[in-house]
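Written below as structure tokens is the structure these notes are about.
Residue numbers (the numbering used here), protein chains in the order written: chain A, 16 to 152; chain B, 16 to 152; chain C, 16 to 152; chain D, 16 to 152; chain E, 16 to 152; chain F, 16 to 152.
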């Protein structure tokens, strides 16, 4: 029997959106308040979906304690209470937009979770904006 | 890189469910309290999903300020603090059910958003009932 | 032992804010979109607080089934799927503002619940606006 | 016109995770606190999705009153305020894990809802953990 | 400077409402589904409020890490994934109603937190029902 | 007639907790992850309560459009997408802890809102932690 499970996590981080190849004027025009040179921040909320077979002996698709631990190690330890631009080298050359963070988290989890499970990640930057990866279509 | 983003919006409106071709008795039997001739109302909550390519220069799939503005112009200005039956000609011949409102909002946004983006709309009539269009299967 | 309990309820209604003694211009200036002559509506959420002694035999402050029934009879049957201006005579001479609805609900419940219980009502018109009665100070 | 609707429901139940074929030590190692022999419990929240054609005469995909009644009869009457292990024979030989409960609810609803509607169920065991069936991929 | 802080916690437990001095009929009449002899359960959500002086050197009213640890030791370790009737001797002679659990949690925290802080506890049994202690009036 | 109204707002900001008079070791021991020199951030949610008389001509306690504008000018324009330590001089000599931000917002609003209204502010730093000012007791 195949199903999908979802687990929530969260982390608080600072970031700034900026393209080093652009003038200050263009950066401000495109990114607006998100370009503030002193950073701003968010409470990011994360949904991690795993699709796979349910183990008939346990009734579990994946051990939630193990999943929680993987998310702590790969996401929370890396991003919680961090400045994504300054503390996280993966955003040295790409913007820590919600889109890019979501995809990066997918890749981090994909490396840790067995390939027989499909993964989907949904990252909420605020309660009004979120990103889903892989795409819905 | 392709992903999906989601943006929330909301509007407050009055409506009534009624089929002009039916007797009052049949209308009351089918629509119950929703048939009240003096209307009732809801706080509608809206999720708009866009699927497309992420711009590598910005890390954005779509500019959220622009998306917000499109939703204001196409949905909020049209429906917020309105009576859907009386103020909105699109519901003259079809019922302003959550299903029909959801599809209409999809069409309004589809006309404004470039075809290289896929769109999905989820409309919450109450915190217990919602509609998704296009259908999930 | 004295404590406070809280029970949620909800109802969906249409309303319009208007002062018959004022010109149309003044009504529109003061009430804005809420003055739409064709009404708009809300999903009202209601919190009812009772403060009193806990019955040592049951561990209950008040039977929740009974409280639910009182709220159904006094609030939901009266306001759910109604037009507050047209269907509810109590708003013939006063505006069905969230403030006035909240106080009216307090009075309706006060008439039904024994005086040894203190009552507080919080009415949410939207998830961003609410009213509390009696006042906090 | 084809769309998807979603309706929420909830029930409160006790359960315990245990595999009769295993030693107490193994049960405790695998299921941890969820193996407590005296049971623990949850407020389960349920999302039921139906996909199908919208009736042009009503604007409804499915009558929500009828859907609510089906969920009451098939899910709430069966599980609300119950001990899933002791009161519900369907969990005699399989664990009442969120995964297994979700699939069982799908089957119960599938038997009651016409085959021209596709069904999806999402069961929340807590606000942090949920299961979706059929699987997303 | 004096203020109030609030911290959330949660635990999942089974319970049953029953008065040993009453007949089975009276128990069933008074407690209804909550009297199920095999127990049912809830995801309890807890709000702990502390009122006191803000330390001018830290800007903290109370160290949240310490408060979290006190709640873990006094509440979560005691009640999470437990059967309140069978595993917790404090409910041997009183019903584990939300009212009684709320007051007991207040007493447990009162014993651990310095008297210069005022404490208030709000316990949610479901998202629709909660208890506050001390009482609001 | 006197009642209390509440209005929500929100802003996203970066901050860091640090006491310049302390060693790095002591700062890290006391503030932990919140002491990260590169800052982290939050989605702050704000509840503003006003208590006063209801205007019998409007049914309003306070015009919500005006209240929204005051909150935009005094709070959102000042703190949204800002670094509280670097961009906001009021936190030069005191820590931008949730407690201190909450009290500062109270003072900012108190200066703008007529003294016949009592004010209360609740600031959520995360969905699990909040501060209320003035204190509850």
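From the three backbone atoms N, C-alpha and C, an ideal C-beta is built for every residue, glycine too.
Nearest neighbour of residue i, chosen from the options [CA to CA]
i                      : options                  : result
residue 79 of chain A  : A/141, A/20, A/142, A/47 : A/20
residue 83 of chain C  : C/51, C/97, C/100, C/62  : C/62
residue 76 of chain C  : E/146, E/99, E/108       : E/146
residue 148 of chain A : B/48, B/47, B/68, B/111  : B/68
residue 23 of chain E  : E/103, E/85, E/52        : E/85
residue 140 of chain A : A/70, A/55, A/113        : A/113
residue 56 of chain B  : B/150, B/98, B/91        : B/98
residue 53 of chain B  : B/32, B/87, B/135        : B/32
residue 150 of chain A : B/135, B/144, B/142      : B/135
residue 118 of chain B : B/36, B/39, B/90, B/40   : B/90
residue 129 of chain C : C/81, C/109, C/40, C/60  : C/81
residue 94 of chain F  : F/108, F/60, F/64        : F/60
residue 46 of chain C  : C/92, C/87, C/111        : C/111
Where residue i falls: helix, strand or coil (DSSP)
i                      : result
residue 195 of chain E : The structure shown does not extend to residue 195 of chain E, since chain E spans only 16 to 152, so no value can be given for it.
residue 82 of chain B  : helix
residue 105 of chain B : helix
residue 98 of chain B  : strand
residue 20 of chain A  : strand
residue 144 of chain B : strand
residue 114 of chain F : helix
residue 77 of chain E  : coil
residue 54 of chain C  : coil
residue 68 of chain A  : strand
residue 27 of chain B  : strand
residue 124 of chain B : helix
residue 60 of chain D  : strand
Anticipated Cβ contact below 8 Å, residue i with residue j, distance rounded
i                      : j                      : result
residue 116 of chain D : residue 138 of chain D : 6 Å
residue 73 of chain D  : residue 34 of chain B  : 7 Å
residue 127 of chain A : residue 66 of chain A  : Not confirmed; about 16 Å, so no contact.
residue 96 of chain E  : residue 43 of chain D  : Contact doesn't hold; Cβ gap of about 12 Å is too wide.
residue 70 of chain D  : residue 152 of chain B : Rounded, the Cβ-Cβ distance is 18 Å, inconsistent with contact.
residue 144 of chain E : residue 58 of chain D  : The pair is not a contact, with the Cβ atoms about 10 Å apart (cut-off 8 Å).
Within 7 Å of chain B by C-beta, residues of the segment 100 to 112 of chain C in sequence order = Result list: 101, 102.
query = Any contact of the segment 25 to 32 of chain B with the segment 117 to 136 of chain A, i.e. 3+ C-beta pairs under 8 Å?
reply = no
ask   = the segment 31 to 43 of chain C: which residues have C-beta closer than 8 Å to a C-beta of chain B, in chain order?
value = none
inquiry  = Using a Cβ-Cβ cutoff of 7 Å, what residues of the segment 42 to 70 of chain D are near chain E? List them in chain order.
reply    = 48, 49, 51, 53, 54, 55, 56, 57, 58
message = What are the residues in the segment 123 to 146 of chain D lying within 8 Å of chain B by C-beta distance?
response = Here the close residues are 133, 135.
task = Anything in the segment 75 to 97 of chain D with a Cβ closer than 8 Å to a Cβ of chain E? List those residues in chain order, please.
result = 95, 96, 97
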